[in-house]
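>
Chains as they are written, first to last, in the numbering used here: chain A, 23 to 660; chain B, -8 to 462.
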């Protein structure tokens, strides 16, 4: 098993090296086949690991010591348990589909860049697997920064475009802010517990060693890390910009996998988080606020990928709401269903963009229903799933979170339902503008409209099926289900969520949220079925269209002042004050030197000469009588 | 064995004075430095050795060379750096190259001596021996402003050294057996005021050499104006002299004074880390950017040293080596770009990834090491060092931690401006770098990742130093 688990991670690394080093050698076909096969191999091995888990239970395997000093040890261990194995399957499964899709989507790239693309994609999967398989926070952190790097490289994949580079850099730096929080949390754990291994940190004994302040501090810092990676307020603005990368990248990294790393991290540490009410409430509030903020922005965006990006931010907010109210398995459930339907939606968007020759503005689309039948149907399924319509997968996972939120505080539930209504609205606004009505693009585009090749439609179909049926893994008791997922996770999530709501309340909550969303959905189709949204005219419309001016706010309040501060340090403090003082001293010496220039010419050579002579003189003194010097020193000491 | 590490570069330096042919001089210099490297590798993998012969008997100063883990790791860094630098810069056209190379090898002799000396007077001797050839290298082959800059650099560091010399003599007079040996120095009887005085005298020398804020202003100028081969020596190896001095001399000799001063020094180091990082953000000259980035990294090491925490010290010991390798890689790339395009201004660059993808990949590799990405060597050191700062004071760790964000900003700015974007006029004339330079970069990058993934050999190498310091 040790080898198999190791290979899950190593296959993508092999792929990275193979494609990266051989980028000038291999044909595109070789690259595509290899890259996809390595991920598929990881998927197969993940299945074996999953099956083994069901048979023999969780296991930890040790490879070597990453850091081993006399004071502490960070082993390079992997852990396969219920939580990591689920993530493994999602990452490698969705990853394989997206690799397959990419082989066709990226086919116009030149061979070396095509190979570079797949090398990055493989490296991403490698890092992501490291993140979820690691048995301690440091290994998680390695993967954590690794996925950040890959995200950076892929957002800036078309590196000759300055705007894309800027977006890539922004993503990395915002993530780094989060990473700093994560790192500090790791140090805090090391100081208090002397270890970062899950098996030793996440125990009742360890909890007892930590004060309440420690737990709140550590969990808040960990959450700061999650904010960065999972794009929560205030560190979310990088994600919409990350859409500069190729569309399959958005599907894989900025929707299905990497951005859920924060949820993984908190679920993994749920024992700590459950011990701090303050952190819990904080997460819930940030989560629900992010959900609503992003949803309002999504309503007014006209770029097909931007809508999906804000929708991702919003859905991640739901997951954090779930974590904040203690519905850990609900959050993981939503991670899984979201991975399916959001990957589907992004890939569908990619198929549309592909057909439209890189047009992303939904105002210029419309009526694509008949031209792209497979894309249309699968995209529709994705929309229904994300809107939370039963019996599609999104309904079950969202409902579980909302029910738990209601239990904690009905206000959370109310805001959650509001968010769900907005979700249904903007998703069907997107759907209607893209697929319904009349085609609004150029006639040239109209002539070239075509359904995508099988390599692209096959992943769409598979993901559509999964989006439709994946709810089956978590059918709640009141519907006669057994909730397979929460049983799976029962070993990880310390206090399984107990339903104290009566069945009738639960049915009512469900009915309310579904019907509200349904109404929003119908209104959206009604409004946008015929014509697309125009440029916003009202103040509110402009405010939302411009994303609440948050980027401008950050630039004016944080980025520019810091830049000016750096300029002040460089131009005034460094060049005038400090260097001025140094040079001033030098000038003073030179001035004195000029006054006694009979002796000294001001040239360094003479200085050296005199210094050497002086030293020799001192030596001569000692040779004759050491006590002279000692006497001298004794004098100075008195 | 130890003696050979000094003799080979020294003999080579003398031979080189007489080889006027450029090619022959290059080959001689490189082969002698490679020979030194092979001997150093033998030393690194064998047990600790030492040489002890009388040197200046009247003074009771001995020619004492010792190689513990600390010395070995720096010896290794020196021995790796020199051939790497010489190979990577073979194609650089310089007047009287053989003299240049000779002075380089004199520098290597001095540096090697600094790291091996177990006798204070000998230490001081090598300390200055390393500086003098560098003075000539900068003032003869440097850039336009070389005279003024070298003057400042030389006077600044020389002044620092004089303080140390006074400190050495002061300690010497207080040793029970009137000896310069480090062991005797440890037994010097000092009142706490005297200890503090001696501490300050030594510290000034080391602080200027590292350099610690606000004593750093000689460095960016010197790095910018020196010929790049010398800049590489300065930043990869020579700045380590200051840090080495602190570990070898300052902390063991004056433990009480070090403890008293630690809060002040850590604070000022951390201020320096942030200060240098902010300034790096605003640089347009690649060399100055790397210089400020290096000041920030050294500042972090200085802060971690003075926490006097075992984990932090382990981090510093590893980072001494890693920082040298990483900064060397960055310099080599910067040098290739400057040699070919004639500019270091990032405004005028851009598009390297399109024009010379291999060089761009190598460049980005070192840039990632510069921001201490996990699985690069710098992560290991920084992780341990931040850890010790956190133990010292979480807020200090937080403040210093901001530098990891700032490092990402300035490093990625540099990557963006140099490697990405449309191909600029300057970059468009670039040829593939010479294959030797490229090979050096590849080897260094392998070291970066290998020691980032499996740092254990570095830990093992330095274990004995750690034990001596903390047991």
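Backbone N, C-alpha and C define an ideal beta-carbon position, used for all residues, glycine too.
At a cut of 8 angstroms, does the region 356 to 367 of chain A reach the region 467 to 474 of chain A through at least three beta carbon pairs?
No: the two stretches stay apart, fewer than three of their Cβ pairs being nearer than 8 angstroms.
> Closest by CA to residue 193 of chain B, which one among B:148, B:224 and B:220?
The sequence position of residue 193 of chain B within the second chain is 202, counting from 1. The option with the nearest alpha carbon to residue 193 of chain B is B:148.
> Is DSSP giving residue 532 of chain A helix, strand or coil here?
Residue mapping note: residue 532 of chain A aligns to position 510 of the first chain, counting from 1. Looking at residue 532 of chain A - three-state DSSP - the assignment turns out to be helix.
> Run down chain B in chain order and give the residues with a C-beta less than 8 angstroms from the C-beta of residue 99 of chain A.
What you label residue 99 of chain A is simply residue 77 of the first chain in a count that begins at 1. Within chain B, no residue comes near residue 99 of chain A; the closest Cβ sits about 15 angstroms away, beyond 8 angstroms.
> Would residue 465 of chain A count as contacting chain B if we go by Cβ distances under 8 angstroms?
The count along the first chain starts at 1 and reaches residue 465 of chain A at position 443. Closer than 8 angstroms: no.
> What span of residues does the alpha helix (DSSP H) with residue 97 of chain A cover, start to end?
Mapped onto the first chain, residue 97 of chain A falls at position 75. Premise fails: residue 97 of chain A lies in the beta strand (DSSP E), 95 to 102, not in any alpha helix (DSSP H).
> Chain A partners of residue 154 of chain B, CB-CB under 9 angstroms?
Counting from 1 along the second chain, the entry for residue 154 of chain B is found at position 163. Simply none; closest approach about 13 angstroms.
> For the region 202 to 230 of chain A, list every residue whose C-beta sits within 8 angstroms of some C-beta in chain B, in sequence order.
202, 205, 206, 209, 210, 212 and 213
> Say whether chain B places a C-beta atom closer than 8 angstroms to the C-beta of residue 118 of chain A.
In the first chain, the residue the question calls residue 118 of chain A occupies position 96. It does not: the Cβ of residue 118 of chain A has no partner Cβ on chain B nearer than 8 angstroms.
> Grouping DSSP H, G and I as helix and E and B as strand, with all else coil, what is residue 82 of chain A?
By 1-based counting over the first chain, the position of residue 82 of chain A is 60. Looking at residue 82 of chain A - three-state DSSP - the assignment turns out to be strand.
> Quick one, which residues of the region 55 to 87 of chain A are near chain B if we go by CB-CB under 8 angstroms, in chain order?
86 and 87
> Any beta-carbon of chain B closer than 8 angstroms to the one on residue 167 of chain A?
In the first chain, counting from the first residue as 1, residue 167 of chain A sits at position 145. It does: the Cβ of residue 167 of chain A has a partner Cβ on chain B nearer than 8 angstroms.
> What are the residues of the region 190 to 215 of chain B that lie near chain E, defined by any Cβ-Cβ distance shorter than 7 angstroms?
Among the protein chains in the structure shown, which are A and B, there is no chain E.
> Buried or exposed: where does residue 151 of chain B fall if 16 or more other Cβ atoms within 10 Å of its Cβ makes it buried?
What you label residue 151 of chain B is simply residue 160 of the second chain in a count that begins at 1. Buried is the call here.
> Hey, residue 346 of chain B and residue 229 of chain B are a contact pair by Cβ (cut 8 angstroms); roughly how many whole angstroms apart?
Against the second chain, residue 346 of chain B aligns to sequence position 355. Against the second chain, residue 229 of chain B aligns to sequence position 238. Residue 346 of chain B to residue 229 of chain B, Cβ: 33 angstroms. No contact.
> Would you decide whether residue 196 of chain B is buried or exposed? Buried here means 16 or more other CB atoms lie within 10 Å of its CB.
Looking up residue 196 of chain B in the second chain gives position 205. Counting Cβ neighbours within 10 Å, residue 196 of chain B comes out buried, since at least 16 surround it.
> Along the region 425 to 441 of chain B, where does the CB come closer than 9 angstroms to a CB of chain A? Name the residues.
none
> I'd like to know whether the C-beta of residue 698 of chain A is nearer than 8 angstroms to at least one C-beta of chain B.
Residue 698 of chain A lies beyond the range of chain A shown here (23 to 660); nothing can be said about it.
> Taking Cβ positions, are residue 211 of chain A and residue 364 of chain B nearer each other than 8 angstroms?
One-based indexing of the first chain puts residue 211 of chain A at position 189. One-based indexing of the second chain puts residue 364 of chain B at position 373. Cβ distance not < 8 angstroms, so residue 211 of chain A and residue 364 of chain B don't count as in contact.
> Closest by CA to residue 202 of chain B, which one among B:223, B:398, B:415 and B:264?
Here residue 202 of chain B refers to the residue found at position 211 of the second chain. For residue 202 of chain B, the nearest C-alpha among the options comes from B:264.
> Just list the alpha helix (DSSP H) runs in the region 186 to 265 of chain B, keeping only unbroken ones of 4 residues or longer that don't cross its boundaries, in chain order.
You should have 209 to 216, 219 to 223 and 230 to 236.
> Taking only the alpha-carbon atoms, compute the straight-line gap between residue 636 of chain A and residue 190 of chain B and give it to the nearest angstrom.
Numbered from 1 along the first chain, position 614 holds the residue referred to as residue 636 of chain A. Numbered from 1 along the second chain, position 199 holds the residue referred to as residue 190 of chain B. So the two alpha carbons sit approximately 24 angstroms from each other.
> Report buried or exposed for residue 397 of chain A, applying the criterion of at least 16 other Cβ atoms within 10 angstroms of its Cβ.
Numbered from its first residue, the first chain carries residue 397 of chain A at position 375. Taking every protein chain shown into account, the CB of residue 397 of chain A has 16 or more other CB atoms within 10 angstroms, so this residue is buried.
> Mind checking whether residue 99 of chain B and residue 141 of chain B have CB atoms under 8 angstroms apart?
Taking the first residue of the second chain as 1, we reach residue 99 of chain B at position 108. Taking the first residue of the second chain as 1, we reach residue 141 of chain B at position 150. Result no, Cβ atoms of residue 99 of chain B and residue 141 of chain B do not sit closer than 8 angstroms.
> Could you name the residues of chain B that residue 93 of chain A contacts, counting a contact when the two beta carbons are closer than 8 angstroms?
Taking the first residue of the first chain as position 1, residue 93 of chain A is located at position 71. In chain order: 301, 302 and 305.
> Under the rule that 16 or more other beta-carbon atoms within 10 Å means buried, what is residue 399 of chain B, buried or exposed?
For the purposes of this step, residue 399 of chain B is identified with residue 408 of the second chain, where counting begins at 1. Residue burial annotation: residue 399 of chain B is buried, with at least 16 other C-beta atoms found within 10 angstroms of its C-beta.
> Counting pairs of Cβ atoms below 8 angstroms between the region 399 to 409 of chain A and the region 376 to 388 of chain A, do you hit three or more?
The way I'd put it, the region 399 to 409 of chain A doesn't touch the region 376 to 388 of chain A; fewer than three beta-carbon pairs between them come closer than 8 angstroms.
> Once you ignore the five residues that flank residue 368 of chain B on each side, which residues in its own chain have a CB closer than 6 angstroms to its CB?
Taking the first residue of the second chain as 1, we reach residue 368 of chain B at position 377. Once the five neighbours on either side are set aside, the close Cβ partners of residue 368 of chain B are 313, 439, 442 and 443.
> Would you please verify whether the beta carbon of residue 28 of chain B is less than 8 angstroms from any beta carbon of chain A?
The residue given as residue 28 of chain B occupies position 37 in the second chain. Closer than 8 angstroms: no.
> Looking at the ligand ZN, does it come within less than 7 angstroms of residue 242 of chain A, judged from the CB to the closest heavy atom?
Of ligands this structure carries none, so the ligand ZN is not represented either.
> Suppose the cutoff is 6 angstroms on Cβ atoms and the five residues either side in sequence are ignored; what does the same chain contact list for residue 44 of chain B look like?
Position 53 of the second chain, counting from 1, holds the residue named residue 44 of chain B. If we look at residue 44 of chain B and ignore the five residues flanking it on each side, its Cβ neighbours are 54.
> To which residues of the same chain is residue 457 of chain A closer than 6 angstroms at the C-beta, ignoring the five residues directly before and after it?
Position 435 of the first chain, counted from the start, is the residue given in the question as residue 457 of chain A. Cβ neighbours of residue 457 of chain A beyond the five flanking positions: 390, 391 and 398.
> Take residue 408 of chain B as the anchor and find which of A:90, A:178, A:281 and A:120 has the nearest alpha-carbon.
For this step, residue 408 of chain B is matched to residue 417 along the second chain. Nearest option by C-alpha distance: A:178.
> Given a cut-off of 8 angstroms, decide if residue 269 of chain B and residue 591 of chain A are closer than it, judged by their beta-carbon atoms.
Along the first chain, read from residue 1 onward, the residue named residue 591 of chain A stands at position 569. Along the second chain, read from residue 1 onward, the residue named residue 269 of chain B stands at position 278. Yes, these two residues count as a Cβ contact at 8 angstroms.
> Quick check on residue 12 of chain B: does DSSP put it in helix, strand or coil?
By 1-based counting over the second chain, the position of residue 12 of chain B is 21. Looking at residue 12 of chain B - three-state DSSP - the assignment turns out to be coil, as it is neither helix nor strand.
> Can you give the Cα-Cα distance for residue 434 of chain B and residue 75 of chain B, rounded to whole angstroms?
Looking up residue 434 of chain B in the second chain gives position 443. Looking up residue 75 of chain B in the second chain gives position 84. Rounded to whole angstroms, residue 434 of chain B to residue 75 of chain B spans 9 angstroms at the Cα level.
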